[in-house]
Amino acid sequence: MAAIDKAVELAMLKEKQYQVYRNRIEVLRSDAQRDGFTMNEVSEVDFWSFIESISFAQKAGLVLLDNGNLRAVWKGENGSHLGLQFLGNRLVEYVVFKRRQATKDVSRVAGRDTIEGIKRQIRAFDLTALMNV
């Protein structure tokens, strides 16, 4: 029973998070229309594809860029963070700031990858504390 209760709790938490994202996207879409530009619909599709493909993620900060793309940013407690701009066609532009445990130095890596590729990048940079992928 405990496993079932835990699964139900996680499903409810994820649905709550989805609703927060839906609400935020609607605010961003409304603000964009008011300011005379539109949200890139394929960027939104890719955002949802990524979010739904991970088992659980901390809530990301979500912004709409001037080019109409969504950017999600996850920040870790140790100064590491991950920023993803969803470009459409399952492509993601990313920036990773990773603080190594043995040093105070922060590594910065940026690039473009597929949605599946970015999940491999997250594991490679040990950012799974931000999300489970």
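Numbering (the working numbering), first residue to last: 223 to 355. Each residue gets a CB set at the ideal place from its N, CA and C atoms; glycine is no exception. From a predicted model like this one, the values you see are computed outputs, not experimental measurements.
Using a Cβ-Cβ cut-off of 7 Å (strictly less than) and excluding sequence neighbours within five positions of residue i, which residues of its own chain qualify?
i    : result
N291 : N262, S265, Q307, F308 and L309
G333 : Y316
F269 : L292, A294 and F308
Q239 : K281
T350 : I344
F347 : V318 and K320
Give the DSSP-derived three-state secondary structure of residue i in the structure shown.
i    : result
D227 : helix
S277 : coil
A332 : strand
K326 : coil
G349 : According to the sequence displayed, residue 349 carries Leu and not Gly. Here L349 sits in coil by DSSP.
G339 : helix
E248 : helix
E263 : helix
E299 : coil
D198 : Any property of residue 198 remains undetermined from this structure, which presents the chain solely from 223 to 355.
Return the chain-ordered list of same chain residues with a C-beta closer than 8 Å to the C-beta of residue i, the five sequence neighbours on each side being excluded.
i    : result
S271 : R312 and I337
D259 : It should be pointed out that residue 259 corresponds to Phe in this sequence rather than to Asp. So the list reads D288 and G290, once near-sequence residues are dropped.
G301 : F319, R321 and V328
R246 : L284
Near residue i, what residues of its chain come up, given a Cβ to Cβ distance below 6 Å and the 5 sequence neighbours on each side ignored?
i    : result
A294 : A282, L284 and L306
V328 : F319 and R321
Q255 : none
L330 : For the sequence presented, residue 330 should be read as Arg rather than Leu. So the qualifying residues of the chain are F319.
D279 : Here residue 279 is Ala; the residue named in the question, Asp, does not match the sequence. Cβ within range, chain order: M353.
Where DSSP assigns a beta bridge to residue i, which residues make up the other side?
i    : result
A294 : L284 and L306
E315 : Q307 and R334
R321 : V328
I want to see whether chain B comes within less than 8 Å of residue i, judged by CB atoms only; does it?
i    : result
V328 : No chain B appears in the structure shown, which is made up of a single protein chain.
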